[in-house]
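Here the structure comes first, spelled out in structure tokens, and everything after it is commentary.
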Amino acid sequence: MAPSITNSKCVLVTGATSGIGRALALAIAALPSHPKVIGVGRRKDRLAGLKESGLDIEEFDVNADKDGMKAFVERVVGKYPEIDTLVLAAGVQREVHFKKEIDIDAIATEMHVNYFSILTMISFFMPHLLKTAASGQPCLIAPVTSGLAYIPAPWIANYSASKAALHSLCSSLRVQLEDSNIGVVEISPPLVESELHDAEGTTEALSKFWMPLDEYTKQTIEGLQKGDDVVASGMAKNAYEKFEQPKEEMIREMGRRAATHSK
Ligand SMILES: NC(=O)c1ccc[n+]([C@@H]2O[C@H](COP(=O)([O-])OP(=O)(O)OC[C@H]3O[C@@H](n4cnc5c(N)ncnc54)[C@H](OP(=O)(O)O)[C@@H]3O)[C@@H](O)[C@H]2O)c1
Numbered sequence: 004m005a006p007s008i009t010n011s012k013c014v015l016v017t018g019a020t021s022g023i024g025r026a027l028a029l030a031i032a033a034l035p036s037h038p039k040v041i042g043v044g045r046r047k048d049r050l051a052g053l054k055e056s057g058l059d060i061e062e063f064d065v066n067a068d069k070d071g072m073k074a075f076v077e078r079v080v081g082k083y084p085e086i087d088t089l090v091l092a093a094g095v096q097r098e099v100h101f102k103k104e105i106d107i108d109a110i111a112t113e114m115h116v117n118y119f120s121i122l123t124m125i126s127f128f129m130p131h132l133l134k135t136a137a138s139g140q141p142c143l144i145a146p147v148t149s150g151l152a153y154i155p156a157p158w159i160a161n162y163s164a165s166k167a168a169l170h171s172l173c174s175s176l177r178v179q180l181e182d183s184n185i186g187v188v189e190i191s192p193p194l195v196e197s198e199l200h201d202a203e204g205t206t207e208a209l210s211k212f213w214m215p216l217d218e219y220t221k222q223t224i225e226g227l228q229k230g231d232d233v234v235a236s237g238m239a240k241n242a243y244e245k246f247e248q249p250k251e252e253m254i255r256e257m258g259r260r261a262a263t264h265s266k
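Residue numbers (my numbering): 4 to 266.
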């Protein structure tokens, strides 16, 4: 079990300018525990809207290099030394058709935003989170994956691969951080109402099938309050329970063996 979000005092949310990240940021800020919420994104008008709703805001492009990411983390930790929770929802989605021309730069950016920037951000936050957790304040790292991490959608092949990588990272990180008072919660949405599919022009077709954002947000906040290690809904929940949950004990066992060898 992870620490409940109700223990969080200061929550940084990436992808807070629209869709799932925005809805979670606002719902977390409205919890009875009233944590401070810092919304992160690129679009200034959307950030201004969050500020009007009472959130703190930080403009940042997560498609940054290592030095840019390090400077961002140092800046926000300096400004908000009470940060104990990361909700990492920034993400992009692009179609890839291998029988047509492939835009390798777009694929690299998608992998960077959806996977490597999250790994880098977590790595640079880690000394701060370890110190915070050691002082007795529970911490949470909550990356947003996808049901497509478990069953890839072939037309968004690289997106699915980036989410599979992020899911794998969550499972390993959770084992590495056992006994540290830092919980790793994988938030795994099914198809949900958002702007994610606007870039591909598939929003209208998908809107006939997606889970309404309000319903999704309610379910996810309940999971975060309970302290579930994986907060999955709909198809993502079914696929996680069928294909991935059975592996989690084996991953923990591998972690225990590695810990024994390294003693
Ligand atoms: N909606 C779904 O069906 C679904 C299903 C499974 C998983 N997910 C995942 O849920 C997460 C949220 O997606 P969503 O559906 O809510 O999509 P969305 O409405 O398009 O929101 C994406 C968010 O990511 C931010 N973002 C994208 N690139 C960024 C960059 N380079 N730097 C900083 N922020 C960036 C955007 O902010 P700015 O443009 O302001 O920077 C925006 O706030 C994503 O990780 C997505 O993969 C979504």
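Don't be surprised by glycine CBs; every beta carbon is placed ideally from N, CA and C.
None of these values were measured; they are calculated from a predicted model.
Checklist entry - Around the Cβ of E189, are there at least 16 other Cβ atoms within 10 angstroms (buried) or fewer (exposed)? => result If you draw a 10 Å sphere on the C-beta of E189, you find 16 or more other C-beta atoms in it, and that means buried.
Checklist entry - When you compare only the Cα positions, how much space is there between T148 and E247? => result Using only the alpha carbons, I get a separation of about 13 Å.
Checklist entry - Among N66, K102, I31, K245, which has the Cα closest to the Cα of V95? => result If we check each option's Cα against that of V95, N66 comes out closest.
Checklist entry - For E98, which three-state DSSP category applies? => result Note: E98 maps to coil in three-state DSSP.
Next on the checklist: On the DSSP bridge list, what partners appear for K39?
Outcome noted: In the DSSP output, where bridge partners are listed per residue, K39 has C13.
Checklist entry - Do you know offhand how far G42's Cα is from V80's? => result Answer to the nearest angstrom: the Cα atoms are 14 Å apart.
Checklist entry - With 16 as the cutoff for other CB atoms within 10 Å, does T17 come out buried or exposed? => result Classification for T17: buried.
Checklist entry - Where W213 and G24 are concerned, what is the direct C-alpha to C-alpha distance, given to the nearest angstrom? => result The straight-line gap from Cα to Cα measures roughly 16 Å.
Next on the checklist: So, with DSSP's three-state summary, where would you put S165?
Outcome noted: Helix, per DSSP.
Next on the checklist: G150 and A208 - do their beta-carbons sit closer together than 8 Å?
Outcome noted: Going by C-beta atoms, A208 is not nearer than 8 Å to G150.
Checklist entry - Out of A92, P38, A93, which has the shortest C-alpha to C-alpha gap to I8? => result Considering only alpha carbons, the answer is P38.
Next on the checklist: Going by beta-carbon coordinates alone, are P146 and I185 separated by less than 8 Å?
Outcome noted: No, the pair does not count as a contact, with Cβ atoms beyond the cut-off.
Checklist entry - From what residue to what residue does the beta strand (DSSP E) around A93 run? => result Following the DSSP letters along the chain, one finds A93 in no beta strand (DSSP E), marked with neither H nor E.
Checklist entry - Mind checking whether the beta-carbon of V99 lies closer than 7 Å to any heavy atom of ligand 1? => result Checking the Cβ of V99 against ligand 1 gives no.
Checklist entry - Between the beta-carbon of T20 and the beta-carbon of G44, is there less than 8 Å? => result If you check the CB distance, T20 and G44 come in under 8 Å.
Next on the checklist: Given 7 Å as the limit, tell me if Q222 has its C-beta closer than that to any heavy atom belonging to ligand 1.
Outcome noted: Not so, every heavy atom of ligand 1 lies at least 7 Å from the Cβ.
Item to check | Short Cβ contact (8 Å threshold) for Y219 with S236 | outcome: Judged by their CB atoms, Y219 and S236 are nearer to each other than the 8 Å cut-off.
Next on the checklist: Assuming T223 and L15 are in contact, meaning their beta carbons sit under 8 Å apart, how far apart are those beta carbons, in whole angstroms?
Outcome noted: Rounded to whole angstroms, the Cβ separation of T223 and L15 is 17 Å, and the two are not in contact under 8 Å.
Item to check | N161 CB to nearest heavy atom of ligand 2 below 7 Å | outcome: By its list of ligands, the structure shown excludes ligand 2, since it contains just ligand 1.
Item to check | Simplified DSSP assignment, three categories, for V65 | outcome: Residue state, collapsed to three classes: coil.
Item to check | DSSP state of P249 mapped onto helix, strand, coil | outcome: Of the three classes helix, strand and coil, the one that applies to P249 here is helix, per DSSP.
Checklist entry - When you compare each of D182, L172, V178, D231 to A261 by their alpha carbons, which one comes out closest? => result Considering only alpha carbons, the answer is V178.
Checklist entry - Just curious, the beta strand (DSSP E) that L180 is in, first and last residue? => result That residue, L180, is in no beta strand (DSSP E); it is neither H nor E in DSSP.
Checklist entry - Is the beta carbon of K12 less than 8 Å from the beta carbon of D87? => result Yes; because the gap between Cβ atoms is below 8 Å, this pair is in contact.
Checklist entry - How is D217 classed by DSSP in three states: helix, strand or coil? => result D217: helix per DSSP, three-state reduction.
Next on the checklist: Within the continuous beta strand (DSSP E) that includes I105, where are the two ends?
Outcome noted: Looking at the DSSP string, I105 is not in any beta strand (DSSP E), and its letter there is neither H nor E.
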